[in-house]
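Novice: Take a look at the following structure, please.
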Amino acid sequence: MSTYLFISDEKAFMEPHNDIISTAMVVIGFVIFAAILLKTYLTYNDNSLALENYRQAALIANDVAGYPAIQGSRQDLISAHALDSIAMPAADREMHSDFFHRFSSNADFFVDVRTDDGSHTWIIDRYETSSPEGDIIAASVPVVIELGNNARCVPGTVTVRLRKNKWT
Amino acid sequence: MKVKPCSQKSTPQKYRFHFIADDRGWIDLLLSKVALIFASIIILAALYHLAADAGRMNQDRQLDAIAQDFRSAIDSAGKSSYEAGGKVYFFDAYKKHGSFSSGLNASVSGEYVSVSFQEKGRRYSSVKPLTYKTLPLSEDEVRGELTGAFSANGNISQPIPASYGYTAVTGFLAALGTKEENLNTSIEVHIEKTLIYIHNLNGTEVKELEYILVHQ
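In the order they appear, the protein sequences are chains Z and U.
Numbered according to my numbering, the first sequence spans residues 1 to 168.
Numbered according to my numbering, the second sequence spans residues 169 to 384.
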């Protein structure tokens, strides 16, 4: 009954406001469209930055895995003894400084080397105390680590964790 | 329309009463049309800005890709061994197919690469930090600077004497890297790795320092 009354109502009291309502709908639609567009762009930007940083981390990880100063008895092995010298706290300060020298100070990262069974872990960081602020982007490469003098080789991973500031 | 006469009231009150009692709805119509015009102008302006911003974002994205490509070329030279030799980098690929047919500027310093483009008084730029220590100089220039400062060019045959100190040498090289070098994007850029040798404190061994050289 009430629906019928509404349809058959010819007083047209809503008539002058039709354009206001339609304009409000267009504005709301436009705001939603702009918000979706902005969100898509921000997501795309975040993803492309993450991919770019991942590439940089992967490049450093490959470089570290092939760094001659930490090589074992063979070129494809990493010496645990050399890792002991440069891992925190660094026993050999000079070797530790040489390890980071070729990298620009913009490349703020630390290296985490560990055996797959979790029995050995080495953290190689440029600074003694590092601030945990900012995002971390990591890339890993598989390696073989030579433990001790008895040439026992175990599989492991070299992980480079890049610390990213807001502006980089 | 019916307007009640109100002869007893003063003139302003009469007008006000006339305004309130007026049920023709013309002011309603006027207000709604003005609101509609304003809203249309705002929406059109917002759409125009959105389209303009999309164009600018596209330029930024292209510049970002160029800077990233140039940075990757320098970083990959840093990762490769010294024996691998240098490489030559061209900006041409972007100039032919991209929207930067002219006016693409590039510069390199010890810490970052920068690519910029100027169009209609607006400057677009993209800066990327480098992974490896870099000097915007050629091999001869570096050797010349080292000879001038330390009386040795830092080659394997002529390492820098230990008396100067390791930090003095690295500080000197870091200072060389702070100078930003503008590159001509029409010609090739040479990227190579160099080794600078320094005697250690007891003078028995030499230590090598790796640097990437970017020059034209």
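All C-beta atoms, glycine included, are put in the ideal place defined by N, C-alpha and C.
Please compile the residues from chain C whose C-beta is within a distance smaller than 8 Å of the C-beta of Ala214 of chain U.
Specialist: Chain labels in this structure do not include chain C; the protein chains are Z and U.
Novice: For Gly254 of chain U, which option in U:Leu363, U:Ser208, U:Ile210, U:Ala189 has the closest C-alpha, if you only look at C-alpha atoms?
Specialist: Looking from the CA of Gly254 of chain U, the closest CA among U:Leu363, U:Ser208, U:Ile210, U:Ala189 belongs to U:Leu363.
Novice: For the segment 50 to 66 of chain Z, list every residue whose C-beta sits within 8 Å of some C-beta in chain U, in sequence order.
Specialist: Glu52, Arg55, Gln56, Leu59, Ile60, Asn62, Asp63
Novice: Whole angstroms is fine: what's the gap from Ile328 of chain U's alpha carbon to Gly156 of chain Z's?
Specialist: 39 Å
Novice: For Arg311 of chain U, which residues from the same chain have a beta carbon less than 8 Å from its beta carbon, with the 5 sequence-adjacent residues on both sides left out?
Specialist: Asn321, Gly322, Asn323
Novice: Kindly list the residues whose CB is nearer than 7 Å to the CB of Leu298 of chain U, restricted to its own chain and excluding five residues on each side of it in sequence; keep chain order.
Specialist: Counting only Cβ-Cβ distances below 7 Å, and skipping sequence neighbours, we find Arg239, Ile242, Asp243, Glu279, Tyr280, Val281.
Novice: Lys347 of chain U lies in the beta strand (DSSP E); which residues open and close that run?
Specialist: Looking at the DSSP string, Lys347 of chain U is not in any beta strand (DSSP E), and its letter there is neither H nor E.
Novice: Return the CA-CA distance between Asn47 of chain Z and His367 of chain U, expressed in angstroms with no decimal places.
Specialist: 46 Å
Novice: Find out if the Cβ-Cβ distance for the pair Gly345 of chain U, Ser277 of chain U is shorter than 9 Å.
Specialist: yes
Novice: Which chain Z residues sit within Cβ distance under 9 Å of Gln227 of chain U?
Specialist: Correct list: empty, because the minimum Cβ distance to chain Z is about 14 Å.
Novice: List the DSSP bridge partners of Ser293 of chain U.
Specialist: The secondary-structure analysis by DSSP pairs Ser293 of chain U across a beta bridge with U:Ser284.
Novice: Answer yes if the segment 37 to 55 of chain Z comes into contact with the segment 109 to 124 of chain Z, meaning at least three C-beta pairs across the two stretches below 8 Å, and no otherwise.
Specialist: no
Novice: Consider the Cβ of Ser79 of chain Z: report whether some Cβ of chain U lies at a distance smaller than 9 Å.
Specialist: no
Novice: Where does Cys174 of chain U sit, in a helix, a strand or coil, going by DSSP?
Specialist: Any reading at Cys174 of chain U must be qualified, since the residue scores a pLDDT of 48, below 50, and its modelled position is unreliable; the value itself is stated next. Secondary structure at Cys174 of chain U: coil, using DSSP grouped into helix, strand and coil.
Novice: Write down the C-beta distance between Val357 of chain U and Tyr216 of chain U rounded to the nearest angstrom, noting that I regard them as a contact closer than 8 Å.
Specialist: No, Val357 of chain U and Tyr216 of chain U are not in contact; Cβ-Cβ is about 39 Å, not under 8 Å.
Novice: 9 Å is my cut-off, CB to CB: does Asp191 of chain U come that close to chain Z?
Specialist: Chain Z contact via Cβ: absent.
Novice: At 4 residues or longer, what runs of the alpha helix (DSSP H) sit wholly inside the segment 112 to 152 of chain Z?
Specialist: none
Novice: Strictly below 9 Å CB to CB, what residues from chain Z border Tyr292 of chain U?
Specialist: Result: empty, since nearest Cβ-Cβ is about 16 Å, beyond 9 Å.
Novice: Taking only beta-carbon atoms, is Glu349 of chain U less than 9 Å away from chain Z?
Specialist: no
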